[in-house]
Amino acid sequence: MEKLDVYSVAAMMFLPHTDDFFQYQRAFGVEPESEKHFLQRANPAQKIAYVSRYILSPEGEIFLLEQNDLQSADTYFEEWGLSPEAQKKMLLEAHPDMVYCYVQHQVFTESNEPLLFVSKLKRAAEAYVKAFPLFQASELAMMAMNDADMVADYIDHDDLHEAAEILLLTEKFRHLVSAYHEKWGLGAKAQALYNVSIA
Numbered sequence: 442m443e444k445l446d447v448y449s450v451a452a453m454m455f456l457p458h459t460d461d462f463f464q465y466q467r468a469f470g471v472e473p474e475s476e477k478h479f480l481q482r483a484n485p486a487q488k489i490a491y492v493s494r495y496i497l498s499p500e501g502e503i504f505l506l507e508q509n510d511l512q513s514a515d516t517y518f519e520e521w522g523l524s525p526e527a528q529k530k531m532l533l534e535a536h537p538d539m540v541y542c543y544v545q546h547q548v549f550t551e552s553n554e555p556l557l558f559v560s561k562l563k564r565a566a567e568a569y570v571k572a573f574p575l576f577q578a579s580e581l582a583m584m585a586m587n588d589a590d591m592v593a594d595y596i597d598h599d600d601l602h603e604a605a606e607i608l609l610l611t612e613k614f615r616h617l618v619s620a621y622h623e624k625w626g627l628g629a630k631a632q633a634l635y636n637v638s639i640a
């Protein structure tokens, strides 16, 4: 078996279930340019057939996102998730439906997760905090949205890092402190501030 040109590989991608393509993909992989060529020409069913079997390169993932094909993207997210580069692009460009689709199946990297907490992505953020623990910077980003209901949903299943616990004592979230304290307790710094505030 020999390495093929971009267009020949893209043509093989239309039949991802064949032994020939499987063996080729294992031997040589697939170049991002072949992925783009295929994704540009494939119909949704053909894309789904491919992305349910094979991981795309970061460039291929970004190209898939740019096509705004939610059905193909959802299939991909369910199977593989996204590279950090593609996660960041999706979040920064704030495609609400695509991000919402993503959080039904996958988590974000530590550096990308805080980017979820912006008003345009609120529906996805609400779903995410109900399902997954957050990194510390993400907890702070969540609390910066000043959405007490979202914070309540989060602390129902997970406790907060120290800096976010201290923010819980602020006026916006104060009504949540009693239930949080009962369920999770407070760290030393937050407890000291809490004791002062009720003294």
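Residues in the sequence shown are numbered consecutively from 442, following my numbering. Here a beta-carbon is modelled for each residue, glycine too, at the ideal position from N, C-alpha and C.
In the structure shown, ASN636 adopts helical secondary structure according to DSSP, grouped into three states. Nearest to ALA620 by alpha-carbon distance, out of PHE462, ALA629, ASP599, ASN553, is ASP599.
For ALA451, the enclosing alpha helix (DSSP H) covers residues 447 to 453. Closest option to GLY626, judged by alpha-carbon separation, among ALA490, LEU601, PRO485, SER475: LEU601. Annotation: the stretch 446 to 503 contains the following complete segments of the alpha helix (DSSP H) (minimum length 4 residues), in chain order: 447 to 453, 460 to 469, 473 to 482, 485 to 492. In terms of Cβ geometry, PHE504 and LEU533 do not form a close pair [threshold 7 Å]. Counting only residues of its own chain and dropping the five nearest sequence neighbours on each side, GLN512 has a CB closer than 6 Å to the CB of PRO485. With a beta-carbon spacing of about 7 Å, VAL559 and ALA535 fall inside the 8 Å limit used to define contacts.
With fewer than 16 neighbouring CB atoms inside 10 Å of its own CB, TYR448 falls in the exposed class.
Between the C-alpha atoms of ILE596 and HIS458 there is a straight-line separation of about 45 Å.
Per the C-alpha coordinates, the member of VAL492, ASP510, GLU474 positioned closest to GLU500 is GLU474. Per DSSP, THR611 is not a residue of any alpha helix (DSSP H), being assigned neither H nor E.
Annotation for ALA589: LYS613, PHE614, HIS616, LEU617 place their beta carbon closer than 8 Å to its own, counting only its chain and skipping 5 residues before and after. In terms of Cβ geometry, ALA605 and LEU634 do not form a close pair [threshold 7 Å]. Pairing LEU610 with ALA572, the inter-Cα distance amounts to about 24 Å.
Annotation for LYS529: ASN553 place their beta carbon closer than 6 Å to its own, counting only its chain and skipping 5 residues before and after.
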